[in-house]
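Notes follow the structure.
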Amino acid sequence: MSTIVQLVLAVGDRVSLSEASALTALARDSGVAAIRLADTPDTLDPTVTASHLAGVHSGIGFVAEVPTTHHAPYNTARRVSSLDRATGGRAGIALLAGDGDEVSDATAPDPAAADPARRWSEYAGVLTRLWESFPRQALIGDQEAALVVREELIRPVGHDGVYYRVAGPLDGPSSAQGRPVVVADLGVLDPAAVAESADVVVVEHAAGADDALTEALRAVGRDRREVTLLGRVPVGSPADVLAWVHEHRLDGVELVPAGGAAEVAAVLRAWATEAAPPPTLRAALGLRAEVAA
Amino acid sequence: MLHLNVNILNAGVFGGSWRFPGTDGTASYTIEHYTSIAKKAEEAKLDAVFLADGPALDPGIKHRTGNNFEPTTVLARIAARTERIGLIGTLSSSYNDPVELARRLGDLDHVSGGRFGWNVVTTAGPVAARNFGRDGEIDHAVRYQRAAWFTQQVVAAWASRTRFASPQGRPVVVQAGGSSDGRRLASRVAEVVFSADQDLEHARAFRAEIRAGAVQFGRDPAEIVVLPGLSTVVGSTETEAKRRRELLDELLPDAYGRGRLAAQLGISLDGLRDDEPIPAGLLVEPDEAGGSQTFYRVVKEIIDRENPTLGTLLKRLSGGGGHRIVTGTPEQIADDIETWYRAGAADGFNVMPDVLPSGFDDFADHVVPELRRRGLFRTDYDGTTLRAHLGLGLPALEGAA
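Quick mapping for you: the protein sequence lines, in order, are chains C and D. Positions in the first sequence are counted from 1; adding 218 to them yields the working numbering. Positions in the second sequence are counted from 1; adding 69 to them yields the working numbering.
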């Protein structure tokens with residue numbers, strides 16, 4: 219299959235909101251699978267930005283960066299799930315490893331625990347299980363019988379871990395793609411930390427990444443084909459980047475143009491393909507069309 | 070000038086709304102439900118759309134559709150598809166991190182071009198508490214202490230934020246909560262108060278108290294807009310409106326109505342027949358109630374005043390919780406709105422249509438033009454921001470501690 223492209227935009231910093239809107243349309247028409255919205259002190263909130271851009275342009279996925287820091291997992295699960303349903307199953311989260319939040323810290327089961335990678339693993343697990351706690355098949359809306367849901371299909375997660383306690387279930391049903399896509403960056407995180415929950419893994423150092431990921435996935439009973447491995451690159455000629463992708467058995471690239479809107483547009487034109495937009499973000503990223511929720 | 074918001078409470082304020090004939094029972098689980106009502110509200114030149122919220126699955130979900138989208142994502146989408154309508158979202162002070170919330174809400178205000186309002190609430194109940202590591206709900210007084218602290222943190226963060234300013238300076242602060250603690254918070258920080266009242270005299274006194282309280286905090290009472298919730302059942306004739314209301318009562322799933330009332334009062338209704346009165350002896354004073362004291366008080370007052378049977382009370386509330394319900398023709402509803410407005414009981418209303426979207430279509434198409442004929446409501450927007458719609462300036466709250 220063709221090389222998957224995810225484009226990183228720092229909206230509010232290097233590109234304005236209106237520029238981001240134009241670039242979103244161009245990216246969609248260029249066959250880009252998803253826009254990843256960077257979260258820095260100089261960007262607009264990625265979930266707000268994603269929701270806004272998705273309200274203007276359909277047919278492309280949005281991955282919002284959200285750090286564990288300042289975000290309680292139940293709130294993150296709800297918000298990204300809302301975005302996923304609103305986009306018809308075209309949303310994901312790039313969960314960034316970090317610290318806790320003011321609400322969860324007050325009730326942290328082990329107040330001394332502070333390892334970002336372990337926190338990430340626990341947090342990502344809570345997200346995926348919350349997203350599966352209210353399968354959309356449970357929503358029946360039987361007006362005659364006065365039954366909104368088949369309650370027996372909705373299950374609390376009852377999570378009781380080291381960093382968080384979260385009862386669940388989520389308050390809304392799952393999306394057309396089952397649940398939002400989870401993107402993990404290797405660096406602070408190693409393959410073992412992300413093996414259980416990640417759908418997409420992003421690396422800067424590609425050498426050996428495929429083998430390490432394959433091994434980590436096998437250790438938790440998953441197959442390498444269940445995860446999309448992307449190499450993160452600033453820019454460069456598509457031919458050189460593609461050679462790098464093939465050399466290291468990556469599934470695609472995450473493009474991080476350093477400049478403003480004009481440079482991003484030039485990059486998109488250089489990478490353009492003529493693929494019809496797939497029905498969900500999962501499909502666009504070469505993942506199974508739907509996760510069984 | 071009168072102010073009107075529409076509260077997009079999933080399928081409508083009535084417990085049986087999602088079963089109303091001609092209604093798509095699960096439409097409120099689609100984003101289009103919210104964006105299309107918002108567009109309609111903008112065509113009718115309303116001040117804002119309003120979204121209630123709580124971070125939990127409603128235990129009554131089996132028999133009634135619930136709120137199921139997170140408000141900032143819904144409002145960011147509505148902002149992309151509308152130009153002028155204000156966007157008010159409920160975000161909990163109990164279960165959010167103030168640093169994160171200040172940034173997200175400020176950015177939403179920027180992205181929407183200055184149309185956002187934050188409805189500060191405290192979140193009651195053990196169900197939400199358990200999603201954030203707690204075994205039970207936070208004590209009422211502690212929730213309000215935190216709300217006051219939390220709101221100050223957020224407002225201060227907005228004041229120090231220069232990178233993504235919005236045309237209205239900062240989001241409008243809305244407060245909903247009529248308890249003693251809630252009224253204090255409203256006088257101190259609220260620019261819009263979303264209240265619940267059944268009685269005109271009581272509402273007048275409430276509004277006067279909030280305004281007087283604001284003066285004590287050094288604020289101009291004209292900078293506070295009090296909007297009681299108003300549930301509407303519109304018919305082209307009085308008979309038609311009454312029939313619509315009766316049908317909604319019939320459609321109310323009994324188990325839902327009973328479950329919601331029991332939760333609201335904090336007592337068990339098991340074994341109580343529909344023709345028996347509510348056992349008033351089991352009810353504590355409102356200030357001692359743990360959950361939402363506002364709705365507890367409203368329902369207790371009905372019980373104290375009328376000693377209704379359980380069946381009568383369930384019909385009276387119709388799964389709506391305690392906001393006032395007016396049933397009638399567009400003229401009759403406009404009469405009611407005008408009476409409250411002219412009496413100083415309200416600066417406008419947070420309109421809660423019985424069934425969505427049909428009940429709001431009727432309100433927008435028939436009640437709003439009637440209010441306009443009477444010179445009570447705008448024919449077009451004067452400004453582009455929510456503050457402009459509400460006639461609010463940018464107040465100084467920092468010294469209000």
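Idealized CB from N, CA, C, for every residue including glycine. Here the structure is a predicted model, which means the values were calculated and not measured.
Could you pull the DSSP bridge partners for residue 360/D from this structure?
Translated into positions along the second sequence, residue 360/D becomes position 291. Paired residue(s): none; residue 360/D is not in a bridge.
In three-state DSSP terms, what is residue 254/D?
Position 185 of the second sequence, counted from the first residue, corresponds to residue 254/D. Of the three classes helix, strand and coil, the one that applies to residue 254/D here is helix, per DSSP.
What would DSSP say about residue 246/D, mapped onto helix, strand or coil?
Here residue 246/D refers to the residue found at position 177 when the second sequence is read from its first residue. Reduced to three states, the DSSP call for residue 246/D is coil.
Closest to residue 230/D by C-alpha separation, out of 243/D, 182/D, 215/D, 172/D, would be which residue?
Position 161 of the second sequence holds residue 230/D. Selected option, being the one with the closest Cα: 172/D.
Quick one: grab the DSSP three-state call for residue 118/D.
By one-based count along the second sequence, residue 118/D stands at place 49. Three-state DSSP puts residue 118/D in a strand.
For a contact defined as C-beta to C-beta under 8 Å, what are the partners of residue 370/C on chain D?
If you number the first sequence from 1, residue 370/C lands on position 152. Result: empty, since nearest Cβ-Cβ is about 10 Å, beyond 8 Å.
At a Cβ threshold of 8 Å, is residue 361/C touching chain D?
Against the first sequence, residue 361/C aligns to sequence position 143. True, the Cβ-Cβ gap to chain D drops below 8 Å.
Who are the near neighbours of residue 324/D in its chain, counting only those whose CB is closer than 6 Å to its CB and skipping five residues on each side?
Counted from its first residue, the second sequence places residue 324/D at position 255. Once the five neighbours on either side are set aside, the close Cβ partners of residue 324/D are 132.
Chain C partners of residue 199/D, CB-CB under 7 Å?
As a working note, residue 199/D is residue 130 in the second sequence. Near residue 199/D (Cβ distances below 7 Å), the residues of chain C are 385.
According to DSSP, what are the bridge partners of residue 446/C?
The count along the first sequence starts at 1 and reaches residue 446/C at position 228. Per DSSP, 418/C.
List, in order along the chain, the chain C residues whose C-beta lies closer than 8 Å to that of residue 169/D?
In the second sequence, the residue the question calls residue 169/D occupies position 100. Within chain C, the residues near residue 169/D are 288, 289, 319.
Can you tell me whether residue 464/C is buried or exposed, with buried defined as 16 or more other CB within 10 angstroms of its CB?
On the first sequence, position 246 is the one that residue 464/C refers to. The residue is exposed, with fewer than 16 neighbouring Cβ atoms inside 10 Å.
Is it right to say residue 423/C is buried, meaning 16 or more other beta carbons lie within 10 angstroms of its own, or is it exposed?
Here residue 423/C is taken as the residue at index 205 of the first sequence, counted from 1. Exposed: under 16 other Cβ atoms inside 10 Å.
Quick one: list the residues of chain D neighbouring residue 316/C, beta-carbon separation under 8 Å, in chain order.
On the first sequence, position 98 is the one that residue 316/C refers to. Chain D residues near residue 316/C: none, gap ~12 Å exceeds 8 Å.
Are the beta-carbon atoms belonging to residue 227/D and residue 239/D less than 8 Å from one another?
Within the second sequence, residue 227/D is the residue found at index 158, counting from 1. Within the second sequence, residue 239/D is the residue found at index 170, counting from 1. Yes, these two residues count as a Cβ contact at 8 Å.
From residue 344/C to residue 430/D, what distance separates their C-alpha atoms?
Numbered from its first residue, the first sequence carries residue 344/C at position 126. Numbered from its first residue, the second sequence carries residue 430/D at position 361. Each residue's alpha carbon lies about 41 Å from the other.
Going by beta-carbon coordinates alone, are residue 338/C and residue 313/C separated by less than 8 Å?
On the first sequence, residue 338/C is found 120 positions in, with the first residue counted as 1. On the first sequence, residue 313/C is found 95 positions in, with the first residue counted as 1. In this structure, residue 313/C lies closer than 8 Å to residue 338/C by Cβ.
Alpha carbon to alpha carbon, how far is residue 162/D from residue 201/D?
Within the second sequence, numbered from 1, the residue matching residue 162/D stands at position 93. Within the second sequence, numbered from 1, the residue matching residue 201/D stands at position 132. The alpha-carbon atoms of residue 162/D and residue 201/D are separated by roughly 13 Å.
Is the segment 235-249 of chain D in contact with the segment 449-460 of chain D, if contact means three or more CB pairs nearer than 8 Å?
The segment 235-249 of chain D vs the segment 449-460 of chain D: in contact.
Need the endpoints of the beta strand (DSSP E) that residue 263/D sits in, please.
On the second sequence, position 194 is the one that residue 263/D refers to. Segment 261-264, the beta strand (DSSP E) holding residue 263/D.
Is it the case that the segment 487-496 of chain C contacts the segment 371-389 of chain C, given that we only count it when at least three CB pairs across the two stretches are under 8 Å?
Verdict: no, contact absent.
May I ask which residues mark the beginning and end of the beta strand (DSSP E) holding residue 472/C?
Locating residue 472/C in the first sequence gives position 254, counting from the first residue. 470-473 is the extent of the beta strand (DSSP E) around residue 472/C.
Is the CB of residue 227/C under 8 Å away from at least one CB in chain D?
In the first sequence, counting from the first residue as 1, residue 227/C sits at position 9. Judged by the 8 Å Cβ criterion, residue 227/C is not in contact with chain D.
Rounded C-beta distance between residue 292/C and residue 124/D? I'm assuming under 8 Å.
Residue numbering aside, residue 292/C sits at position 74 when the first sequence is read from its first letter. Residue numbering aside, residue 124/D sits at position 55 when the second sequence is read from its first letter. Yes, residue 292/C and residue 124/D are in contact; Cβ-Cβ is about 6 Å, under 8 Å.
Under the assumption that residue 426/C contacts residue 469/C (Cβ atoms under 8 Å), give the Cβ distance between them as a whole number of angstroms.
Locating residue 426/C in the first sequence gives position 208, counting from the first residue. Locating residue 469/C in the first sequence gives position 251, counting from the first residue. Their Cβ separation, rounded to whole angstroms, is 16 Å, which puts residue 426/C and residue 469/C out of contact at 8 Å.
Just to make sure I have the definition right: I need the residues of chain C whose C-beta is within less than 7 Å of the C-beta of residue 131/D. Which are they?
The count along the second sequence starts at 1 and reaches residue 131/D at position 62. Going along chain C in sequence order, the residues near residue 131/D (Cβ under 7 Å) are 365, 366, 367, 369.
How would you label residue 339/D, buried or exposed, when you count the other beta carbons within 10 angstroms and need 16 or more for buried?
Taking the first residue of the second sequence as position 1, residue 339/D is located at position 270. Its Cβ having fewer than 16 others within 10 Å, residue 339/D is exposed.
Give me the residue from 245/C, 467/C, 221/C, 223/C with the minimum Cα distance to residue 479/C.
Within the first sequence, numbered from 1, the residue matching residue 479/C stands at position 261. Residue 479/C has its Cα closest to that of 245/C, out of 245/C, 467/C, 221/C, 223/C.
Residue 177/D touches chain C at which residues, Cβ-Cβ below 8 Å?
Here residue 177/D refers to the residue found at position 108 of the second sequence. In chain order: 263, 266.
Classify residue 456/D as helix, strand or coil using the three-state DSSP reduction.
Stepping through the second sequence from its first residue, residue 456/D is reached at position 387. If DSSP states are grouped into helix, strand and coil, residue 456/D belongs with the helices.
When you compare only the Cα positions, how much space is there between residue 151/D and residue 108/D?
Your numbering for residue 151/D matches position 82 in the second sequence. Your numbering for residue 108/D matches position 39 in the second sequence. Going from the Cα of residue 151/D to the Cα of residue 108/D covers about 6 Å.
Quick one: does residue 496/C have its CB under 8 Å from some CB of chain D?
In the first sequence, residue 496/C corresponds to position 278, counting from 1. Answer no: the Cβ-Cβ gap between residue 496/C and chain D never drops below 8 Å.
Take every Cβ of the segment 267-275 of chain C, pair it with every Cβ of the segment 292-309 of chain C, and state whether three or more of those distances are shorter than 8 Å.
Because the criterion of three Cβ pairs below 8 Å is met, the segment 267-275 of chain C and the segment 292-309 of chain C touch.
Touching or not, the segment 375-386 of chain C and the segment 399-411 of chain C, by the rule of three or more beta carbon pairs under 8 Å?
These segments do not touch.
What number of angstroms, rounded off, separates the C-alpha of residue 310/C from the C-alpha of residue 419/C?
Walking along the first sequence from the start, residue 310/C turns up at place 92. Walking along the first sequence from the start, residue 419/C turns up at place 201. Taking the straight line joining both Cα atoms gives about 13 Å.
Cβ of residue 392/C less than 8 Å from any chain D Cβ?
Taking the first sequence and counting its residues from 1, one reaches residue 392/C at position 174. No - not a single Cβ of chain D is within 8 Å of the one on residue 392/C.
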